[in-house]
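Here the structure comes first, spelled out in structure tokens, and everything after it is commentary.
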Amino acid sequence: MSRREMLSGGLRGLGLLGIGGATGALATRERRDDEVWQIDPDACIQCGLCATECVLEVSAVKTVHSHGMCGYCELCTGYFEPDPVALDEGAENQLCPTAAIERTYIEHPYYEYRILPDLCVGCGKCVKGCNMFGNGSLYLQVNHDRCVDCNRCAIAGACPAGAFRLVPRATPYRLRGEEET
Amino acid sequence: MRALILLALLASALPLLGIERFPPPDFSGGHEIPQTVVPESRARTQAWVDVAALALGLGLASWISLRLRSRKGLVILSLAALAYFGFWRRGCVCAIGSVQNVALGLADPGHAVPLAVIAFFSLPLLVALVWGRGFCAGVCPHGAIQELVLLRPLKVPHWLDQSLRLLPWLYLALAILLAATGGLFIICKYDPFVGIFRMGGPRGMLLLGGALLLLSMFVGRPYCRWLCPYGALLGLLSRVSCFRPSVTPDHCSRYRLCEDACPHGAIQPPTGGFPPRDPDARARLLLRVALVPLAVLVFGWLGGKVGLASVAWHPTGKLAEQVAMAGAGTLPDPAPDEIVAWRHAGADRNALATAVADLEERSLLLGRLLGALFGVVVAGHLVRVRFPRATADYETDPADCVSCARCFSACPYERVRRGEVVDLGEEGGARA
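Chains A and B are the protein sequences, given in the same order. Residues in the first sequence are numbered from -11 upward in steps of one, following the numbering used here. Residues in the second sequence are numbered from 12 upward in steps of one, following the numbering used here.
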């Protein structure tokens, strides 16, 4: 029986060494900060999966607006359907399926567009419109008040553009137009 | 049409270059341009609360199963674990999935695995080396949900149970292969219960979860025994653990009651004879020596094949396939999102070819290595099933036992130990 005990003791040591080695190698690695998921707006192609693939019932991904880059267009291609009936706030003219963009008149011919995050579902329709014909001031970002930090982000796994990145938690957003201001 | 797409592509590249088509206006009325609003991050303390809960749970589970020997205590603990790690934390992060992070971290030096995930990987394994699979008994929400719905356990034939127990190793090897070569996390993607914890998810995930739960009502812990890749690791380590649950600390009269009480097929019947003889020791050794190299070679070769085939599941491999289809003109219309994104990013053919070649090389190498290791497991398993170790008493199988504590109260001697009045009947009776 003692031979058996010695063998199992040796194997136990081996197991300990294995776990300790893996843990040590990973834990002592130089790390920036804790990391969180974020979308690189330049890689995003607005495929629409952000709205459906998130583990949350309403996705943690929502549109963000860099107002400093916005042209305040009267005909905003992020706000209006192609060929709108009229350039007003009527539901039939809006691209957004949940009316999550608020359009306010500022002065002729400028309008301001604000995202209502409570309504936005992250489908990216407005982003596609804005990127196609506008300044690209609308883009999708993971909202970190909602993101539950999944081990492996379900949207990242489905993203056809590989636009999801791990970024340091201290600077968890990839905002456009920040470098200029 | 083609010119229009080109124009749109060109136009969509403009924001990338920092060119604004419509310059922001100067307001004569002095309107102030609002700041970009992004919500604050949540506090990061959550991860450390999770690790603390894990450590506490592991300690409690080991203490309850080995010292208190209380089934009731374990049920309460696993209810708490199911509520916290399952429904409150929505099944993420979990030790089962952490295997993939660790594999990716070890393979890719540029990838930093969060410290909490490392803790979730290593703590249950370390505990298994000392006290066995307490993690499965009281901390893992996957184990708890199956344990709690078990109504009428059916006996699974020994040979079937033991053969199916090779599946977790296959799953583990595949998961490590895919995670380490390209960050594809199949354990998370095909997790059966996480959809239930989150009260929603893809239809396939929910169907799988429902089917497994239905099965768990009649078969003890089907996921833990025949699928869980982390359970395979825990079982391997608890094979040499310092302490393990024993059906009765006192005396075994071979009433067989414990074997009937165990829904997981984890009680080894005695091999017969007093004192137990071990005539098969030499055959076992010979077989092991002959079988291992053969299994290593065969499964190593097979693993290489699987490794090469797995390239097609990777995003890079898929993209290369679609690019080839686009070249041949067989791509469906409209083009898949992957191709759109690739063209959007510059459509670099050379970089893609290099990436695929690199991926193929790494997949082949890792596939062979994992295949060889799987061969060792298969050989060891065959030998163990064919020639079990000689025992005189009913004992818990150190690897298969999940410390659920069901067998304890089934043993009359344990009940005597607890001070209950028991009619022991005739010593060595077939069934009391």
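Backbone N, C-alpha and C fix where the C-beta goes; we use that ideal spot for every residue, glycine too. As the structure is a computational prediction, the values presented were derived from the model and not from experiment.
Cutoff 9 Å: residue i Cβ touching any chain B Cβ
i                     : result
residue 121 (chain A) : yes
residue 157 (chain A) : yes
residue 89 (chain A)  : no
residue 153 (chain A) : no
residue 108 (chain A) : no
residue 11 (chain A)  : yes
residue 143 (chain A) : no
residue 69 (chain A)  : no
residue 72 (chain A)  : no
residue 165 (chain A) : yes
residue 131 (chain A) : yes
residue 100 (chain A) : yes
residue 95 (chain A)  : yes
residue 170 (chain A) : Lying outside -11 to 169, the shown extent of chain A, residue 170 (chain A) is not represented and no answer is given.
Contacts that residue i makes with chain A (C-beta to C-beta distance below 8 Å)
i                     : result
residue 349 (chain B) : 148 and 149
residue 87 (chain B)  : Those within 8 Å of residue 87 (chain B) in chain A number zero; the least Cβ separation is about 27 Å.
residue 328 (chain B) : Within 8 Å Cβ-Cβ: nothing; residue 328 (chain B) doesn't reach chain A, min ~13 Å.
residue 108 (chain B) : 139 and 140
residue 196 (chain B) : 139, 140 and 145
Cross-chain neighbours of residue i in chain A, by beta carbon under 9 Å
i                     : result
residue 34 (chain B)  : 59 and 123
residue 300 (chain B) : None at all; the shortest Cβ gap to chain A is about 16 Å.
residue 103 (chain B) : 43, 136, 137, 138, 139 and 140
residue 352 (chain B) : 31, 32, 33, 35, 147, 148, 149, 150 and 151
Chain-ordered chain A contacts of residue i [CB-CB under 7 Å]
i                     : result
residue 199 (chain B) : 139 and 140
residue 211 (chain B) : 45
residue 325 (chain B) : The contacting residues do not exist; residue 325 (chain B) stays about 11 Å from chain A at best.
Residue i at chain A interface by Cβ criterion, 9 Å
i                     : result
residue 111 (chain B) : yes
residue 237 (chain B) : no
residue 39 (chain B)  : yes
residue 429 (chain B) : no
residue 226 (chain B) : no
residue 215 (chain B) : no
residue 355 (chain B) : yes
residue 153 (chain B) : no
residue 250 (chain B) : yes
residue 392 (chain B) : no
residue 42 (chain B)  : yes
residue 161 (chain B) : no
residue 247 (chain B) : yes
Closer than 8 Å at the beta carbon, the chain B residues around residue i
i                     : result
residue 27 (chain A)  : Going along chain B, no residue has its Cβ under 8 Å from residue 27 (chain A), so there is no contact; the nearest lies around 12 Å.
residue 161 (chain A) : 49
residue 126 (chain A) : What residue 126 (chain A) touches in chain B: nothing, since even the nearest Cβ is about 10 Å away.
Residues bridged to residue i [DSSP beta-bridge criterion]
i                     : result
residue 117 (chain B) : Looking at the DSSP assignment, residue 117 (chain B) forms no beta bridge with any residue, so it has no partner.
residue 50 (chain A)  : A:129
residue 406 (chain B) : B:279
residue 268 (chain B) : For residue 268 (chain B), which the question treats as bridged, DSSP gives no partner whatsoever.
residue 92 (chain A)  : A:100
residue 425 (chain B) : Answer is none; residue 425 (chain B) lacks a bridge partner.
residue 431 (chain B) : None; residue 431 (chain B) has no bridge partner.
residue 68 (chain A)  : A:82
residue 154 (chain A) : A:25
9 Å Cβ cut-off: residues of chain B touching residue i
i                     : result
residue 17 (chain A)  : 116, 120, 122, 123 and 124
residue 23 (chain A)  : 123 and 125
residue 80 (chain A)  : Ordered by position in chain B, no residue passes the 9 Å Cβ test against residue 80 (chain A), which lies about 24 Å from the chain.
residue 104 (chain A) : Within chain B, no residue comes near residue 104 (chain A); the closest Cβ sits about 11 Å away, beyond 9 Å.
Residue-chain proximity (residue i, chain E), Cβ-Cβ < 9 Å
i                     : result
residue 253 (chain B) : Considering every chain present, this structure includes no chain E. Its protein chains are A and B.
(request) Residues of the segment 123 to 149 of chain B with a CB closer than 7 Å to any CB of chain A: list them in chain order, please. (result) If you check each beta-carbon in the segment 123 to 149 of chain B against every beta-carbon of chain A, the ones closer than 7 Å belong to 123, 124, 125, 126, 128, 129, 133, 136, 137 and 140.
(request) Pull out every residue of the segment 51 to 66 of chain A whose Cβ sits closer than 7 Å to any Cβ of chain B, in chain order. (result) For the segment 51 to 66 of chain A, the residues whose beta carbon sits under 7 Å from a beta carbon of chain B are, in order, 52, 53, 54, 55, 56, 57, 58, 59, 60 and 61.
(request) Report yes or no: do three or more beta-carbon pairs, one from the segment 210 to 220 of chain B and one from the segment 379 to 387 of chain B, lie closer than 8 Å? (result) The segment 210 to 220 of chain B, when compared against the segment 379 to 387 of chain B, does not touch it at the 8 Å Cβ threshold.
(request) Could you name the residues of the segment -4 to 7 of chain A whose beta carbon sits closer than 7 Å to any beta carbon of chain B, in the order they occur along the chain? (result) For the segment -4 to 7 of chain A, the residues whose beta carbon sits under 7 Å from a beta carbon of chain B are, in order, -4, -1, 0, 3, 4 and 7.
(message) I'd like to know if the segment 190 to 201 of chain B and the segment 130 to 143 of chain A are in contact, where contact means that at least 3 CB-CB pairs between them fall below 8 Å.
(response) Taking 8 Å as the limit for Cβ pairs, the verdict is that the segment 130 to 143 of chain A does touch the segment 190 to 201 of chain B.
(message) I'd like to know if the segment 385 to 405 of chain B and the segment 353 to 365 of chain B are in contact, where contact means that at least 3 CB-CB pairs between them fall below 8 Å.
(response) No, the segment 385 to 405 of chain B does not touch the segment 353 to 365 of chain B.
(request) Below 9 Å between beta carbons is the criterion; list the residues of the segment 44 to 68 of chain B that meet it against any residue of chain A, in chain order. (result) Against chain A - using a Cβ distance shorter than 9 Å - the residues of the segment 44 to 68 of chain B are 44, 45, 46, 47, 48, 49, 50, 51, 52, 53, 55, 57 and 58.
(message) Closer than 8 Å is the cut-off here; do at least three beta carbon pairs connect the segment 63 to 82 of chain B with the segment 414 to 421 of chain B?
(response) Contact holds: three or more Cβ-Cβ distances are below 8 Å.
(request) Decide if the segment 149 to 161 of chain B is in contact with the segment 252 to 270 of chain B; the criterion is three or more beta carbon pairs, one per stretch, under 8 Å apart. (result) Contact between the segment 149 to 161 of chain B and the segment 252 to 270 of chain B is absent, with fewer than three C-beta pairs closer than 8 Å.
(message) Using a Cβ distance threshold of 8 Å, determine whether the segment 244 to 251 of chain B contacts the segment 80 to 93 of chain A, with at least three qualifying pairs required.
(response) No: fewer than three Cβ pairs fall under 8 Å.
(request) Say whether the segment 50 to 57 of chain B touches the segment 385 to 402 of chain B, bearing in mind that this needs 3 or more beta-carbon pairs closer than 8 Å, one atom from each stretch. (result) Too few Cβ pairs lie closer than 8 Å, so no.
(message) Quick check: the segment 41 to 48 of chain B against the segment 47 to 61 of chain A, are at least 3 beta-carbon pairs closer than 8 Å?
(response) The answer is yes - the segment 41 to 48 of chain B touches the segment 47 to 61 of chain A, with three or more Cβ pairs under 8 Å.
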